Amino acid sequence: MERGEEIYTDFCVSCHLPNGKGVERVYPPLANSDYLLKNREASIKGIKFGMNGEIVVNGKKYNNVMTPLGLSDDEIADVMNYISNSWGNKNDNIVTKAEVSKIKK
Numbered sequence: 006m007e008r009g010e011e012i013y014t015d016f017c018v019s020c021h022l023p024n025g026k027g028v029e030r031v032y033p034p035l036a037n038s039d040y041l042l043k044n045r046e047a048s049i050k051g052i053k054f055g056m057n058g059e060i061v062v063n064g065k066k067y068n069n070v071m072t073p074l075g076l077s078d079d080e081i082a083d084v085m086n087y088i089s090n091s092w093g094n095k096n097d098n099i100v101t102k103a104e105v106s107k108i109k110k
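If you read the sequence shown in our numbering, its first letter stands for residue 6, the second for the next number, and so on.
Set out below in structure tokens:
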């Protein structure tokens, strides 16, 4: 979890903020996020390849661009596990490097 927190601080905090709450209508919250639990593969894919287009998080629409972060599969797994278990999120189903590596564009 510590490595995931470091990655989050280095790559994610500028948009999603230190508390994971994001910026309403601009950058979706990761804190207490229904999207993370319902869209695990899409969340991993977004970190791995970037994403654009509309998504709905906690009942609110977001339509912005997330650029690819250039993280390794290990780093993506670590940051996903950190995000999935922070700020009110709870997920015992650990993301692994193998799972991340199977996800293709």
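Yeah, the Cβ is synthetic: ideal placement off N, Cα and C, and Gly gets one too. Here the structure is a predicted model, which means the values were calculated and not measured.
Below 6 Å CB to CB, which residues in the same chain sit around Lys95 once its five sequence neighbours on both sides are set aside?
In the sequence shown, the residue the question calls residue 95 occupies position 90. Cβ neighbours of Lys95 beyond the five flanking positions: none.
Please report the residue range of the beta strand (DSSP E) in which Gly58 lies.
Counting from one through the sequence shown, the residue named residue 58 turns up at place 53. Residues Met56 to Val62.
Between the beta-carbon of Ser38 and the beta-carbon of Asn63, is there less than 8 Å?
Indexing the sequence shown from 1 puts residue 38 at position 33. Indexing the sequence shown from 1 puts residue 63 at position 58. In this structure, Asn63 lies closer than 8 Å to Ser38 by Cβ.
Where does the unbroken alpha helix (DSSP H) through Met85 begin, and where does it stop?
By 1-based counting over the sequence shown, the position of residue 85 is 80. From DSSP, the alpha helix (DSSP H) with Met85 extends over Asp78 to Ile88.
Let me check understanding here. Comparing Cα to Cα, which of Leu35, Glu46 and Val31 lies closest to Pro23?
In the sequence shown, counting from the first residue as 1, residue 23 sits at position 18. Minimum Cα distance to Pro23 is reached at Leu35.
Please tell me whether Asp83 and Ser106 are closer than 8 Å, where the distance is taken between their beta carbons.
If you number the sequence shown from 1, residue 83 lands on position 78. If you number the sequence shown from 1, residue 106 lands on position 101. Contact: no.
Are the beta-carbon atoms belonging to Arg30 and Lys65 less than 8 Å from one another?
Here the question's residue 30 lines up with position 25 in the sequence shown. Here the question's residue 65 lines up with position 60 in the sequence shown. A contact, by the Cβ cut-off of 8 Å.
Spatial neighbours of Thr72 within its chain, please: C-beta separation below 6 Å, excluding the five flanking residues on both sides.
The residue given as residue 72 occupies position 67 in the sequence shown. Gly55, listed in sequence order.
Taking the CB atoms as reference points, tell me whether Lys53 and Ile12 lie closer together than 8 Å.
Here the question's residue 53 lines up with position 48 in the sequence shown. Here the question's residue 12 lines up with position 7 in the sequence shown. For Lys53 and Ile12, no; Cβs fall outside 8 Å.
Which term fits Val28, buried or exposed, when burial requires 16 or more other beta carbons within 10 angstroms of its beta carbon?
Translated into the one-based positions of the sequence shown, residue 28 becomes position 23. By the 10 Å Cβ count, Val28 comes out exposed.
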